[in-house]
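Protein chains in written order, with full-length UniProt numbering: chain A, 1 to 358; chain B, 1 to 278.
All C-beta atoms in this analysis are idealised placements derived from N, C-alpha and C, irrespective of residue type, glycine included.
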Amino acid sequence: MSTDQQDDQGSEDSLVDVAEGIDHQVAMVMDLNKCIGCQTCTIACKSLWTEDGGSEYMYWNNVETKPGEGYPRGWEDSGGGWQSGEHSERQTGEIPDQEDYGRAWEFNHNEIMYEGSDEPLRPREGAEWGPNWDEDRGAGEYPNSYYFYLPRICNHCTHPSCVEACPRSALYKREEDGIVLVDQERCRGYRYCVEGCPYKKVYYNTVSKKSEKCIFCYPRLEGEGPDGETYAPACAEECPPQLRMVGFLDDEDGPIYKLVEEYEVALPLHPEFQTQPNVYYIPPFAPGQHTEDGETVDIDRIPRQYLRELFGDGVDEALDTIERERQRTRQGEDSELMDLLQDKNPAKQYRLGVFDDE
Amino acid sequence: MTSDAVRTAGLAAVLATLVLVSSVAAPLASARPAHEIPVTETERADLSQPAAAGWEDVPASDVALASAPSGVPNADDTTVETVHVQAARTDQRLFVRLEWDDATRDVSADDPRTFADAAAVQFPTNASARPPIAMGGPGNKVNVWFWSGATGSQELLAGGAGSTTAFQNPAIEANATHSGSGGNATWALVYSRPLNATGENRTALQTDGDLDVAFAVWNGSNGERAGQKAVSEWHYFPFGPGPQGPPYETLLWTVAGVAIVAVVGVTTFGIYRTREGN
Ligand code: SF4
Ligand code: SF4
Chain A
1 MSTDQQDDQG SEDSLVDVAE GIDHQVAMVM DLNKCIGCQT CTIACKSLWT EDGGSEYMYW
61 NNVETKPGEG YPRGWEDSGG GWQSGEHSER QTGEIPDQED YGRAWEFNHN EIMYEGSDEP
121 LRPREGAEWG PNWDEDRGAG EYPNSYYFYL PRICNHCTHP SCVEACPRSA LYKREEDGIV
181 LVDQERCRGY RYCVEGCPYK KVYYNTVSKK SEKCIFCYPR LEGEGPDGET YAPACAEECP
241 PQLRMVGFLD DEDGPIYKLV EEYEVALPLH PEFQTQPNVY YIPPFAPGQH TEDGETVDID
301 RIPRQYLREL FGDGVDEALD TIERERQRTR QGEDSELMDL LQDKNPAKQY RLGVFDDE
Chain B
1 MTSDAVRTAG LAAVLATLVL VSSVAAPLAS ARPAHEIPVT ETERADLSQP AAAGWEDVPA
61 SDVALASAPS GVPNADDTTV ETVHVQAART DQRLFVRLEW DDATRDVSAD DPRTFADAAA
121 VQFPTNASAR PPIAMGGPGN KVNVWFWSGA TGSQELLAGG AGSTTAFQNP AIEANATHSG
181 SGGNATWALV YSRPLNATGE NRTALQTDGD LDVAFAVWNG SNGERAGQKA VSEWHYFPFG
241 PGPQGPPYET LLWTVAGVAI VAVVGVTTFG IYRTREGN
């Protein structure tokens with residue numbers, strides 16, 4: 001461990017805008033072109049952190065179909081975040097309704113397994129909405145319909161409006177790595193953080209009467225498991241196509257820094273919320289549109305304007321850069337960017353120990 | 001004695017009695033300072049339920065409430081405007097009873113959007129200095145008796161907004177009932193605490209002077225929580241020995257009463273003598 005002074009210098013030297021008072025900032029890049037919507041990440045997270053009473057309805061990691069309502073339903077229009085990049089005035093927000101999150105349904109397992117019922121397996125009652133209710137629906141008309149999957153966790157933002165919304169300072173950004181946490185001792189269940197997060201990634205536990213959120217699996221980062229090894233968050237490690245990179249934004253030798261800061265092909269979700277997320281996405285490509293006869297034409301299948309609404313205006317340049325680099329590799333040239341996006345070497349994909357010796 | 005003289009003496013006696021009665025009653029009734037909440041000494045051991053027999057004999061003060069100044073969203077949107085406060089003291093416990101209008105009984109916080117009704121009574125931890133009204137200050141803390149319809153009572157310590165922490169071993173009890181319906185529905189809530197409960201940052205109730213006290217009410221169905229609350233100004237419980245109310249006032253009335261009685265007496269005697277002399 002270093003002294004505070006050295007740490008301060010560390011962040012001053014950095015070219016990256018980490019939050020004030022934070023030594024380093026954890027970050028994640030997700031390549032949306034690889035997501036198959038299998039929900040392995042969702043289940044990995046749920047079985048680790050949100051299986052207890054009061055947290056049944058929570059998915060700290062969820063994967064939703066875009067275009068679509070998302071989880072909780074309509075979260076993109078629920079307010080929160082900041083009014084401008086000055087981060088002085090927050091935007092008012094709403095607490096989602098329980099129905100918009102969806103309830104943990106009860107199923108007729110018992111009747112079917114033990115009582116010989118020949119009903120189909122289904123929720124007992126009142127199943128009218130839930131996470132992924134509109135899965136794979138997407139938008140567009142045959143043969144040019146389209147959708148893609150959007151995995152979401154807390155963005156551990158550089159300007160977290162959830163932290164600012166709490167009148168008790170129960171939420172805070174960890175000094176060592178910028179992970180945003182809810183102090184369970186200080187929380188009194190006021191839920192200003194729930195309404196204040198524009199991504200709706202803080203949840204109210206209906207039994208403990210306190211708020212909870214993604215903790216970026218910090219005990220795994222700290223090697224708190226039985227073998228004492230450092231692991232990336234479970235959602236990343238368990239992902240079958242391994243589409244998530246985990247590391248520090250200010251680790252200038254790491255792939256995250258290169259993708260976000262150098263190539264600018266990894267983009268934050270809804271940058272207009274002004275919280276400056278630290279989860280970044282490689283925007284999705286889709287084949288061009290098809291004519292009635294099945295011919296491919298040079299028209300974007302996923303409307304570019306829709307991608308701009310999700311990832312900001314930087315998406316045009318990001319997609320252009322990726323297309324240019326793809327072209328290079330097609331011609332047999334080297335492309336560092338393509339290597340980064342295909343790299344399966346875990347030592348590079350997860351770079352978590354880089355600042356341990358400070 | 002002639003019949004005239006008897007009549008005169010009778011009149012004088014009535015006058016004297018009236019004057020004496022008023023000298024005792026006046027300071028209690030009309031001259032009670034606006035922010036004083038009387039504390040009734042009582043023998044009844046158990047007033048801990050809002051409907052307990054005995055509360056009907058304890059005078060109630062109407063305490064005005066207004067939205068607390070606060071930075072939380074919708075801070076000026078509160079619904080409760082008055083809380084009726086009664087206080088009674090046995091030689092063991094202090095009982096404080098609050099009653100306020102609230103059409104809905106909100107006792108659940110088990111849905112993301114529901115908030116419970118709640119109330120609080122706030123005292124300075126150190127009775128000798130009046131803390132800032134909004135949850136005290138860092139060097140001048142407050143001891144809060146909190147009750148929520150969802151989670152029951154909590155004894156809290158605060159030194160400024162956002163600093164509330166719960167006592168590990170609370171000394172208070174609270175019982176509440178919601179009755180009536182619609183526009184006539186009310187919450188009635190009784191807090192009680194042993195007079196001799198001690199502990200760091202716990203307000204001493206065995207005091208001889210006035211004790212500052214303030215009140216807050218939250219209407220859960222209006223989304224009220226944290227700084228979005230209806231609060232009172234500082235009031236005080238006039239603890240201490242002997243008759244209640246400022247003593248000099250009683251003294252003045254007594255002196256005036258005695259003087260009037262004396263004057264009436266002397267006058268009567270004079271008239272009587274004069275008539276007898278005829
Ligand atoms: S995503 Fe929401 S909960 Fe997470 S840090 Fe940002 S504002 Fe806070
Ligand atoms: S585990 Fe990976 S591929 Fe599967 S849904 Fe999650 S992010 Fe997508």
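Status (buried if at least 16 other CB within 10 Å, exposed otherwise) for THR50 (chain A):
Within the first sequence, residue 50 (chain A) is the residue found at index 50, counting from 1. Buried, since its Cβ has 16 or more Cβ neighbours within 10 Å.
Considering only the alpha carbon of each residue, which of B:ASP111, B:VAL96, B:ASP102 lies closest to GLN122 (chain B)?
In the second sequence, the residue the question calls residue 122 (chain B) occupies position 122. Among B:ASP111, B:VAL96, B:ASP102, the Cα nearest to that of GLN122 (chain B) is on B:VAL96.
Would you call the CB atoms of VAL217 (chain B) and VAL83 (chain B) closer than 8 Å?
For this step, residue 217 (chain B) is matched to residue 217 along the second sequence. For this step, residue 83 (chain B) is matched to residue 83 along the second sequence. Result yes, Cβ atoms of VAL217 (chain B) and VAL83 (chain B) sit closer than 8 Å.
Using CA atoms only, rank isn't needed, just tell me which of B:ASP111, B:LEU98, B:ARG89 is closest to GLU99 (chain A).
Sequence index remark: in the first sequence, residue 99 (chain A) carries index 99 (1-based). Here the closest residue by C-alpha is B:ASP111.
Does the distance from the C-beta atom of VAL85 (chain B) to that of PHE215 (chain B) stay below 8 Å?
Here residue 85 (chain B) refers to the residue found at position 85 of the second sequence. Here residue 215 (chain B) refers to the residue found at position 215 of the second sequence. Yes, the Cβ-Cβ distance between VAL85 (chain B) and PHE215 (chain B) is below 8 Å.
LYS201 (chain A), DSSP secondary structure in three states:
As a first step, residue 201 (chain A) is located in the first sequence; it is residue number 201 there, counting from the start. It is coil, neither helix nor strand.
Does any residue of chain B have a CB that is nearer than 8 Å to the CB of VAL26 (chain A)?
One-based indexing of the first sequence puts residue 26 (chain A) at position 26. No - not a single Cβ of chain B is within 8 Å of the one on VAL26 (chain A).
Let's see if you can read the secondary structure: which residues bound the alpha helix (DSSP H) around SER55 (chain A)?
Here residue 55 (chain A) is taken as the residue at index 55 of the first sequence, counted from 1. No alpha helix (DSSP H) holds SER55 (chain A); DSSP gives it neither H nor E.
So which residues of chain B does residue 369 (chain A) contact, with C-beta pairs closer than 9 Å?
Residue 369 (chain A) lies beyond the residue range present for chain A, which begins at 1 and ends at 358; the question has no answer from this structure.
Can you find at least 3 beta carbon pairs, one from the segment 265-283 of chain A and one from the segment 151-158 of chain A, that sit closer than 8 Å?
yes
So, at 8 Å on beta carbons, what are the nonlocal neighbours of TRP147 (chain B) in its own chain, with the 5 sequence-adjacent residues on each side left out?
Sequence index remark: in the second sequence, residue 147 (chain B) carries index 147 (1-based). Contacts found: ALA118, ALA119, ALA120, SER153, GLN154, ALA174, ALA176, LEU189, TYR191.
Quick check: is the beta carbon of PRO96 (chain A) nearer than 8 Å to any beta carbon in chain B?
Residue numbering aside, residue 96 (chain A) sits at position 96 when the first sequence is read from its first letter. Yes, its Cβ sits closer than 8 Å to a Cβ of chain B.
Close Cβ partners of PHE355 (chain A) (< 7 Å) along its chain, the five nearest in sequence each way excluded:
For the purposes of this step, residue 355 (chain A) is identified with residue 355 of the first sequence, where counting begins at 1. Closer than 7 Å at Cβ, skipping near neighbours: HIS24, PHE248.
Specify, as a first and last residue, the run of the beta strand (DSSP E) that SER61 (chain B) falls within.
The residue given as residue 61 (chain B) occupies position 61 in the second sequence. Note, SER61 (chain B): beta strand (DSSP E), 61-64.
Below-8 Å beta-carbon distance, VAL194 (chain A) vs any chain B residue
Here residue 194 (chain A) refers to the residue found at position 194 when the first sequence is read from its first residue. Taking Cβ atoms only, chain B reaches closer than 8 Å to VAL194 (chain A), which makes this a yes.
Any beta-carbon of chain B closer than 8 Å to the one on THR275 (chain A)?
The residue labelled residue 275 (chain A) in the question sits at position 275 within the first sequence. Not an interface residue.
Alpha-carbon to alpha-carbon, PHE148 (chain A) and ILE299 (chain A):
The residue labelled residue 299 (chain A) in the question sits at position 299 within the first sequence. The residue labelled residue 148 (chain A) in the question sits at position 148 within the first sequence. So the alpha carbons of these two residues sit roughly 17 Å apart.
Taking 8 Å as the CB-CB cut-off, is ALA25 (chain B) touching chain A?
Position 25 of the second sequence holds residue 25 (chain B). Because ALA25 (chain B) sits at a pLDDT of 48, beneath the cut-off of 50, its placement in the model cannot be relied upon, and the following sentence gives the value as read from the coordinates. Answer no: the Cβ-Cβ gap between ALA25 (chain B) and chain A never drops below 8 Å.
Just to confirm before moving on: does the CB-CB distance between THR104 (chain B) and LYS229 (chain B) stay below 8 Å?
Along the second sequence, one-based indexing puts residue 104 (chain B) at 104. Along the second sequence, one-based indexing puts residue 229 (chain B) at 229. Contact: no.
Starting from the beta carbon of TYR190 (chain A), find every residue of chain B whose beta carbon is closer than 7 Å, and list them in chain order.
Position 190 of the first sequence, counted from the start, is the residue given in the question as residue 190 (chain A). By Cβ distance, chain B contributes ARG225, ALA226.
Give the interface partners of THR151 (chain B) over in chain A, defined as CB-CB distance under 7 Å, in chain order.
Here residue 151 (chain B) refers to the residue found at position 151 when the second sequence is read from its first residue. Going along chain A in sequence order, the residues near THR151 (chain B) (Cβ under 7 Å) are LYS209.
Flag this pair as touching only if the segment 231-242 of chain B and the segment 29-47 of chain B have three or more C-beta atom pairs under 8 Å; answer yes or no.
yes
Rounded distance between the beta-carbons of VAL63 (chain A) and GLY102 (chain A), thought under 8 Å:
Within the first sequence, numbered from 1, the residue matching residue 102 (chain A) stands at position 102. Within the first sequence, numbered from 1, the residue matching residue 63 (chain A) stands at position 63. Wrong, their Cβ atoms sit about 14 Å apart, outside the cutoff.
Taking 8 Å as the threshold (beta carbon to beta carbon), is ALA109 (chain B) in contact with chain A?
Here residue 109 (chain B) refers to the residue found at position 109 of the second sequence. So, interface residue.
Quick check on THR50 (chain A) - is its C-beta less than 8 Å from some C-beta in chain B?
Here residue 50 (chain A) corresponds to residue number 50 of the first sequence, with the count starting at 1. No, THR50 (chain A) does not count as interfacial toward chain B.
Neighbouring residues, chain A, relative to PRO112 (chain B) (Cβ below 8 Å):
On the second sequence, residue 112 (chain B) is found 112 positions in, with the first residue counted as 1. What PRO112 (chain B) touches in chain A: ILE95, PRO96, ASP97, GLN98, TYR101, ARG191, VAL194, TYR203, TYR204, THR206.
Is ALA109 (chain B) near LYS209 (chain A), with beta carbons less than 8 Å apart?
In the second sequence, residue 109 (chain B) corresponds to position 109, counting from 1. In the first sequence, residue 209 (chain A) corresponds to position 209, counting from 1. Yes, Cβ-Cβ distance for ALA109 (chain B) and LYS209 (chain A) is below 8 Å.
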